[in-house]
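A short worksheet on the structure shown next.
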Ligand code: NI
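Numbering (the numbering used here), first residue to last: 28 to 279.
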């Protein structure tokens, strides 16, 4: 079995959604919420498919436009038994330099929700390494699980956060020919720190780069991890599945 720990599976992204889901019928998919407008569609999806779970949250790109009603809707969704986390939430200074304070405020509010509802946090963080670290350090309750999705920072930060039990989401970028940083991280750190993810429909792995990504393609990421760590593909799938079930407290 394998688990795509982070993807987006909305109607607007896929003409062949049914087919894409069918390919993962023996596996698990965790769909990530980003926009408040998608919550209803995601809840419908997890109600309809046994092997699909979700995290719900408001992405930092909506830090200036979300409403209190949106936040209440996120909160309400956290009581659904198949909503296994809050996310993706965080900071993005690559696209949002001008509203850093609003982003921090939204991030902290949602960390507090995770603490209250005992939900795993899934972080989106881009060009905001220090602020992300400091906020997590200050606001996340000790017992709350945390995953940094599509990890893009250095080895030093990876060592620091994994030593605190935060897992790293590893996706298609690992397979890119010119990528060195993430490969070094995968070689260096123990397999117990990694979750597989596609971030579909984005970031297709080699050899499918440029095409629409889909959850089944985590197999290419797993193969790359096996190659870099010189272990079997089975071992990678078995361990990352265990890591993900533990991280999101999914009982199978
Ligand atoms: Ni995402």
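The beta-carbon is built from N, C-alpha and C at its ideal position, and this holds for glycine as well.
Just so we're clear, the structure is a prediction, and the values are computed from it rather than from any experiment.
| Item | Value |
| --- | --- |
| Does the distance from the C-beta atom of residue 198 to that of residue 231 stay below 7 Å? | no |
| What does the alpha-carbon distance come out to for the pair residue 114 and residue 136? | 12 Å |
| Less than 7 Å separating the beta-carbons of residue 275 and residue 84? | no |
| Starting from residue 276, trace the alpha helix (DSSP H) in both directions and tell me its first and last residue. | Neither: residue 276 is in no alpha helix (DSSP H) and is coded neither H nor E. |
| Can you list the alpha helix (DSSP H) stretches of 4 or more residues lying completely in the stretch 54 to 122, in chain order? | 66 to 75, 95 to 104 |
| Under 8 Å by Cβ, that's how I've got residue 173 and residue 147 pegged, so tell me the actual separation to the nearest angstrom. | 7 Å |
| Below 6 Å CB to CB, which residues in the same chain sit around residue 213 once its five sequence neighbours on both sides are set aside? | 252, 255 |
| From residue 138 to residue 71, what distance separates their C-alpha atoms? | 25 Å |
| Excluding sequence positions up to five away, which residues of its chain have a Cβ less than 6 Å from the Cβ of residue 109? | 73, 80 |
| Between the alpha carbons of residue 237 and residue 248, how many angstroms are there, rounded? | 15 Å |
| Would you check if the distance between the CB atom of residue 48 and the CB atom of residue 268 is smaller than 7 Å? | no |
| Given this structure, state the Cα-to-Cα distance separating residue 157 from residue 53, to the nearest angstrom. | 39 Å |
| Using only alpha-carbon positions, find the residue among 188, 175, 151, 141 that is nearest to residue 166. | 141 |
| Ligand 1: which residues have Cβ under 7 Å from any of its heavy atoms, chain order? | 33, 35, 59, 61, 115, 151, 176, 177, 226 |
| Sorted by chain position, which residues of the same chain lie with C-beta nearer than 6 Å to residue 179's C-beta, five sequence neighbours on each side aside? | none |
| Name the DSSP beta bridge partners of residue 174, please? | 149, 194 |
| Taking C-alpha atoms, which residue in 96, 44, 171 lies nearest to residue 64? | 96 |
| Among the residues of its own chain, which have a CB less than 8 Å from the CB of residue 244, if the five just before and after it don't count? | 199, 225, 227, 231, 232, 235 |
| What three-state label does DSSP hand residue 257 in the structure shown? | coil |
| Which residues does DSSP pair with residue 222 in a beta bridge? | 196 |
| Determine, using beta carbons only, whether residue 170 and residue 194 come nearer to each other than 7 Å. | no |
| My understanding is that residue 162 touches residue 131, with C-beta atoms under 8 Å, so please give their C-beta distance in whole angstroms. | 7 Å |
| Given this structure, state the Cα-to-Cα distance separating residue 44 from residue 37, to the nearest angstrom. | 8 Å |
| Return helix, strand or coil for residue 158, following the three-state DSSP convention. | helix |
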